[in-house]
Each structure stands twice: as C-alpha cells, then as structure tokens.
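Notes to accompany the following structure.
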Amino acid sequence: MIFSRLKRKIAKIGLDPEWDVIIKPRTGWFDINLREVWRYRDLAKLYVYRDFTVTYKQTILGPAWWFVQPFLTSGIYSVIFGAIAGLPTDGVPMILFYVSGIVCWNYFSSCLTSTSNTFTVNAGVFSKVYFPRLVVPVAAALSDLFKFFIQFGLFLLVYFIYLFNSAAIQPNWCILLLPLLLAHIAIMAGGMGIIASSLTTKYKDLQFAMAYLIQLAMYATPIIYPFSLVPEKWRLLAMLNPMVPVIETFRLAFLGAGTVNLAMTLWSICFALLVLFLGVIFFSRVEKNFADTI
Numbered sequence: 001m002i003f004s005r006l007k008r009k010i011a012k013i014g015l016d017p018e019w020d021v022i023i024k025p026r027t028g029w030f031d032i033n034l035r036e037v038w039r040y041r042d043l044a045k046l047y048v049y050r051d052f053t054v055t056y057k058q059t060i061l062g063p064a065w066w067f068v069q070p071f072l073t074s075g076i077y078s079v080i081f082g083a084i085a086g087l088p089t090d091g092v093p094m095i096l097f098y099v100s101g102i103v104c105w106n107y108f109s110s111c112l113t114s115t116s117n118t119f120t121v122n123a124g125v126f127s128k129v130y131f132p133r134l135v136v137p138v139a140a141a142l143s144d145l146f147k148f149f150i151q152f153g154l155f156l157l158v159y160f161i162y163l164f165n166s167a168a169i170q171p172n173w174c175i176l177l178l179p180l181l182l183a184h185i186a187i188m189a190g191g192m193g194i195i196a197s198s199l200t201t202k203y204k205d206l207q208f209a210m211a212y213l214i215q216l217a218m219y220a221t222p223i224i225y226p227f228s229l230v231p232e233k234w235r236l237l238a239m240l241n242p243m244v245p246v247i248e249t250f251r252l253a254f255l256g257a258g259t260v261n262l263a264m265t266l267w268s269i270c271f272a273l274l275v276l277f278l279g280v281i282f283f284s285r286v287e288k289n290f291a292d293t294i
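Residue numbers (our numbering): 1 to 294.
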C-alpha cells in the first residue's frame, strides 16, 4: 500500500516510479535472500581487504606473524608434550604432527571468533547503512582463509623438508579432499559463530565465554595427541567432537597417519550443515531488531 502510493506520487511529478531495490522488513523464519548476498559480493571483497590490512597495520613483521605463531607453538608442544610428557605422534615427526593440527585448528578458531563478533563489532555500521548482513560473516570466513593459506605455506615448507628425508611420511590421494575440508571447517565454524553472534545481542556473557570455550575445545580435539591414543571406552564420546574427523583426515592425507571412519565423518558433515542452517535462520531473525538490544 505504501509503495503503491509513493509510486503514484513520483509518477505525478514526471519521474520514473520504478526502482531497483526495495527495502522492507522480513516477515518469516525462512525469509532469506541469498541472491542479494551474492549481489553485494564486491562489498564482501572490501571487507576481506579491510580485515587483512587492518590486522597488520603498524606491525613490523606484518603477515609473517602467522608464520611465527604456529612455529613457536609447535616448538613448545614438541618440548612439553613430546620430549617431556612423551605423548606419541603415530610415528610422525613431532614438529610436523603438531603443525598439521595447529594449522587446521587456527582456521577453525579464527573463523569462529570473527563470525561470533559480527553484531558487536559492526553495530555502528548496521544501524546506519543498509546491506545484507550475512555479507559480514561470509567476508570474515574468507579473510580467515587467507590467513590459513599463510600458515599452510609454513606447513608445506616443513612438510617437504621431512618428505624428502623421512620414510615415515606417506601422503595419499586424500590430499585431493583439502578443498572439501576447508569448506567443511568454514561452514561449521561460520554456522556456530553466527549462532553465537545472534545470541550475543541479548546475552553478553557468551561473548566473554567464547575464548574460554574455544580453548577448552582445542584440548578435546586431537591437536597435541593422536586420536588413536584415546582409550576405547572414551572413543565414542570423543567422536562427538565434529572437528576430530577434519583433523584426522588432514593428517591421513598428508602424513599417512590418522584414524578416520565413515560414521564420525557423516556426523561431522551433518553437524556442520545443521549449525549453518540454524545460524542463518537465527541471524535473519535477530538482524531485524538487534539495534534495540545490543
């Protein structure tokens, strides 16, 4: 009714009453316009560029920090958990074993953290300018993907050094699954982050708890120990962690050491799709009135 009246008034003064975009409130749980998100892909590129440049602004090492962090962490893990605690690594060189787990986990945790801060970090922009809000978490996942490839470059450097000097590494055809593993991590972390971001608009406690929960989840994931080390009575419970098959498949692909089965892989895939589905629905509901609650 309002649009029709406005069009008639515009037509009376001799202007073209047709327009390209009509901004109107969402009405249902499934009122999600993914085509509109694709139309704003240039904005997503700008967000990716902004995130990447702002992160390293006024730093000496710049993107090299993403080499330093996994390298130092892997070295500490090798000393504490490898040399002192004596945890096995399924016959894989320790430094390579730890780097492989850290690289995958860093992408997951970084993606989860950045998407969970969507509303709180961008509240000022969201309340003043219209654009599909899903562009922001999508851009965050893509930005973190660049960071992953920087760290993946470090992994490959260490990997090829050991590959030509150690018979313990046995790469196989599962390496071809790497793009699917990255998509799996992005979907799962993005979905969980969107849900957390939607809940944070009302419950600020979750924002403070995210870093703590992510750190706890890391110790429940086979980063510093192989999944084969988990006792049989705890194996089923450990497989409920959806990141387990991702880490184990990555290690199986590049190192030839990993415990993977169809059941826990299907569970992880279903979990990722479920949290993404729920996350998009919650996000579309919260974005209508988040400015009144945040």
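Note that CB positions come from ideal geometry on N, CA and C, so glycine has one too.
Check, Outcome
"Is it the case that the region 227-235 contacts the region 194-208, given that we only count it when at least three CB pairs across the two stretches are under 8 Å?", "no"
"Spatial neighbours of Gly193 within its chain, please: C-beta separation below 6 Å, excluding the five flanking residues on both sides.", "Leu112, Thr115 and Ser116"
"When the Cβ atoms of the region 183-193 are set against those of the region 95-103, are three or more pairs found closer than 8 Å?", "no"
"Alpha carbon to alpha carbon, how far is Val136 from Ile175? Give it in angstroms, no decimals.", "30 Å"
"Less than 9 Å between the C-beta atoms of Ser197 and Phe52, yes or no?", "no"
"Compare the beta carbon distance of Leu96 and Tyr162 with 9 Å and say whether it is the shorter of the two.", "yes"
"Closer than 7 Å by C-beta to Phe108: which residues in its own chain qualify, once you throw out the five before and the five after it? Chain order, please.", "Ile185, Ala189 and Met243"
"Using the three-state DSSP reduction, which class does Pro70 fall into: helix, strand or coil?", "helix"
"What is the rounded straight-line gap between the Cα of Pro226 and the Cα of Thr89?", "6 Å"
"In angstroms with no decimal places, state the Cα-to-Cα distance between Thr249 and Ile224.", "15 Å"
"Would Asn241 and Thr221 qualify as a contact pair, given that the criterion is a beta-carbon distance under 9 Å?", "yes"
"Just to confirm, are Ala238 and Val230 a CB contact at a threshold of 9 Å?", "yes"
"In whole angstroms, give me the CA-to-CA distance for Phe67 and Leu156.", "12 Å"
"Relative to the C-alpha of Thr201, which residue among Leu72, Thr120 and Leu46 is closest?", "Thr120"
"Compute the minimum distance between the beta carbon of Ile150 and the heavy atoms of the ligand NAD, and state whether it is under 8 Å.", "Looking for the ligand NAD in the displayed structure turns up nothing, as the structure carries no ligands at all."
"Using alpha carbons as the reference points, say which of Phe148, Ala83, Phe81 and Phe283 lies closest to Pro377.", "What is shown of the chain runs 1 to 294, which leaves residue 377 out entirely."
"Apart from the five residues on each side of it in sequence, which residues of its chain come closer than 6 Å, Cβ to Cβ, to Phe282?", "Ile195 and Ser198"
"Would Leu87 count as contacting chain B if we go by Cβ distances under 9 Å?", "Looking at the structure shown, chain B is missing, and only one protein chain is on hand."
"Quick one, are the C-beta atoms of Ile169 and Gly256 less than 9 Å apart?", "yes"
"Shortest alpha-carbon distance to Tyr77 belongs to which of Gln69, Val92, Tyr98 and Pro93?", "Tyr98"
"Sorted by chain position, which residues of the same chain lie with C-beta nearer than 8 Å to Ile2's C-beta, five sequence neighbours on each side aside?", "Residue placement at Ile2 is poorly supported in this model, since its pLDDT is 48, which falls under 50; the coordinates are not used for a value here."
"Among the residues of its own chain, which have a CB less than 7 Å from the CB of Thr73, if the five just before and after it don't count?", "Ile102"
"Taking 7 Å as the limit between beta carbons, can you name the residues of its chain near Pro70, skipping five residues before and five after?", "Val99, Ile102, Val103, Asn106, Gln151 and Leu154"
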